[in-house]
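Beneath this line is the structure, given in structure tokens, with notes to follow.
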Amino acid sequence: MVDEKLKEAFAQDVVALRRAGLRPVVVHGGGPQISALLERLELEVRFTAGLRVTTPETMDVVRMVLAGQVQRELVGLINAHGPYAVGMTGEDAHTMTAVRRLARVDGELVDIGLVGDVVRVDPDAVRALLDDGRIPVVSPIARGGDGEVYNINADLAASALAVALDAEKLVVLTDVAGLYADWPRSEEVVERLTASELAELLPGMAGGMVPKMEGCLRAVREGVRTAQVLDGRVPHTLLLEVFTDGNTGTTVVPDAPADERNVS
Ligand SMILES: Nc1ncnc2c1ncn2[C@@H]1O[C@H](COP(=O)(O)OP(=O)(O)O)[C@@H](O)[C@H]1O
Ligand SMILES: CC(=O)N[C@@H](CCC(=O)OP(=O)(O)O)C(=O)O
Numbered sequence: 702m703v704d705e706k707l708k709e710a711f712a713q714d715v716v717a718l719r720r721a722g723l724r725p726v727v728v729h730g731g732g733p734q735i736s737a738l739l740e741r742l743e744l745e746v747r748f749t750a751g752l753r754v755t756t757p758e759t760m761d762v763v764r765m766v767l768a769g770q771v772q773r774e775l776v777g778l779i780n781a782h783g784p785y786a787v788g789m790t791g792e793d794a795h796t797m798t799a800v801r802r803l804a805r806v807d808g809e810l811v812d813i814g815l816v817g818d819v820v821r822v823d824p825d826a827v828r829a830l831l832d833d834g835r836i837p838v839v840s841p842i843a844r845g846g847d848g849e850v851y852n853i854n855a856d857l858a859a860s861a862l863a864v865a866l867d868a869e870k871l872v873v874l875t876d877v878a879g880l881y882a883d884w885p886r887s888e889e890v891v892e893r894l895t896a897s898e899l900a901e902l903l904p905g906m907a908g909g910m911v912p913k914m915e916g917c918l919r920a921v922r923e924g925v926r927t928a929q930v931l932d933g934r935v936p937h938t939l940l941l942e943v944f945t946d947g948n949t950g951t952t953v954v955p956d957a958p959a960d961e962r963n964v965s
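Going letter by letter, the sequence shown gives residues 702 to 965 in this note's numbering.
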């Protein structure tokens with residue numbers, strides 16, 4: 702989302718999916734753009750366990766950048782192809798409700814401010830847009846029952862929304878070829894793994910891959926048929942994935958039901 706050509710290709714892909722009769726929903730991030738504005742404003746940029754430490758002042762910037770800049774830009778790129786995209790945040794129509802989330806560092810829970818975990822999703826507004834032929838573009842911000850506005854990691858927001866929509870597929874775009882088996886020593890990609898296999902690997906993972914894989918795990922455990930981490934640096938990766946057989950990136954599938962397992 703920081704490369705003009707890739708952003709344009711992404712917008713074309715989402716429109717092509719919609720025109721082909723699928724119902725894509727976009728949940729976007731914008732971590733680098735948020736950090737850039739924080740730096741310009743001389744405010745602190747700090748992450749703990751892959752999540753941004755979010756003071757009330759930081760939250761104002763997060764909201765401004767996600768809803769006012771990144772989301773607007775995506776809506777514009779998509780709408781260059783027709784009146785498809787409608788931008789919203791998780792706050793709109795109570796789409797996402799969050800609770801404060803603590804970060805785990807060396808086994809200890811630490812307060813990282815206004816960072817939330819989505820605990821409830823009301824997908825009605827998103828469904829209404831889909832039914833109307835639109836492409837919802839959702840910023841990962843949610844209101845808490847306590848009245849606070851929370852900063853949500855985009856991958857986790859996408860996962861929660863995919864579950865609530867009973868989506869066929871969760872696709873997470875990133876800046877690597879997929880989940881690397883032995884990161885950072887090798888770039889060998891894990892092509893496919895089940896929910897249980899992923900749950901075993903998750904505690905050993907680090908950095909930005911943690912919320913991505915946590916999101917994939919939650920999605921397939923809660924009804925989404927497949928979750929996929931794709932290389933967003935490859936132009937049209939989304940379309941290639943949906944319309945061709947060549948599996949790329951990392952695919953996470955639910956555990957086989959007990960009666961389909963090879964029990965000896
Ligand atoms: N096992 C792993 N496989 C691949 N990438 C990993 C792994 N563990 C950590 N990473 C890091 O996670 C990054 C992707 O997460 P991040 O930069 O937060 O993405 P985004 O900004 O799209 O949310 C990769 O660029 C890589 O540096
Ligand atoms: C809590 C938390 O870390 N929120 C993220 C929200 C944006 C995001 O997730 O953007 P990427 O997908 O580009 O990382 C942040 O403030 O950066």
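Just so you know, even glycine gets a beta-carbon here, dropped at the ideal spot from N, CA and C. For clarity, every value in this text was computed on a predicted model and none was experimentally measured.
Relative to the alpha-carbon of residue i, which residue among the options has its alpha-carbon at the smallest distance?
{"i": "V930", "options": "R720, E889, V806 and V872", "result": "V872"}
{"i": "P775", "options": "V850, E705 and P912", "result": "For the record, residue 775 in the displayed sequence is Leu; it is not Pro. The candidate whose alpha carbon is nearest that of L775 is E705."}
{"i": "A859", "options": "L918, G777, V935 and G905", "result": "L918"}
{"i": "M1050", "options": "R922, E923, G924 and L903", "result": "Past the edges of the chain, shown from 702 to 965, lies residue 1050, and the structure says nothing about it."}
{"i": "R893", "options": "V953, V850 and A865", "result": "V953"}
{"i": "I779", "options": "I836, D825 and Q770", "result": "I836"}
{"i": "D956", "options": "E942, D833 and V921", "result": "V921"}
{"i": "L724", "options": "A882, Y881, R934 and L831", "result": "Before going on, a small fix: residue 724 reads as Arg here, not Leu. The option with the nearest alpha carbon to R724 is L831."}
{"i": "G846", "options": "V822, L899, G909 and F748", "result": "V822"}
{"i": "G732", "options": "A710, D833, F711 and L767", "result": "L767"}
Measure the C-alpha to C-alpha separation of residue i and residue j and round it to an integer number of angstroms.
{"i": "D932", "j": "L718", "result": "18 Å"}
{"i": "T927", "j": "H795", "result": "26 Å"}
{"i": "L707", "j": "P936", "result": "6 Å"}
{"i": "A799", "j": "P912", "result": "16 Å"}
{"i": "V762", "j": "R844", "result": "16 Å"}
{"i": "D812", "j": "V703", "result": "30 Å"}
{"i": "G814", "j": "T756", "result": "6 Å"}
{"i": "V891", "j": "Y881", "result": "6 Å"}
{"i": "G848", "j": "T949", "result": "42 Å"}
{"i": "W884", "j": "M789", "result": "35 Å"}
{"i": "A896", "j": "M910", "result": "16 Å"}
{"i": "D714", "j": "E888", "result": "27 Å"}
{"i": "E739", "j": "Y785", "result": "Reading the sequence as shown, one finds Leu at residue 739 and not Glu. L739 and Y785: Cα-Cα distance of roughly 31 Å."}
{"i": "R747", "j": "A804", "result": "13 Å"}
Where does residue i land, buried or exposed, given buried means 16+ other C-beta within 10 angstroms?
{"i": "R802", "result": "buried"}
{"i": "A721", "result": "exposed"}
{"i": "F944", "result": "exposed"}
{"i": "A829", "result": "exposed"}
{"i": "L752", "result": "buried"}
{"i": "L939", "result": "buried"}
{"i": "A907", "result": "exposed"}
{"i": "A861", "result": "buried"}
{"i": "M765", "result": "exposed"}
{"i": "E942", "result": "buried"}
Would you mind giving the Cβ-Cβ distance between residue i and residue j, rounded to the nearest angstrom? I have them listed as a contact below 8 Å.
{"i": "I853", "j": "G817", "result": "5 Å"}
{"i": "V726", "j": "V864", "result": "V726 to V864, Cβ: 12 Å. No contact."}
{"i": "A750", "j": "V806", "result": "6 Å"}
{"i": "P824", "j": "G791", "result": "Their Cβ separation, rounded to whole angstroms, is 11 Å, which puts P824 and G791 out of contact at 8 Å."}
{"i": "K870", "j": "V925", "result": "7 Å"}
{"i": "G783", "j": "V716", "result": "7 Å"}
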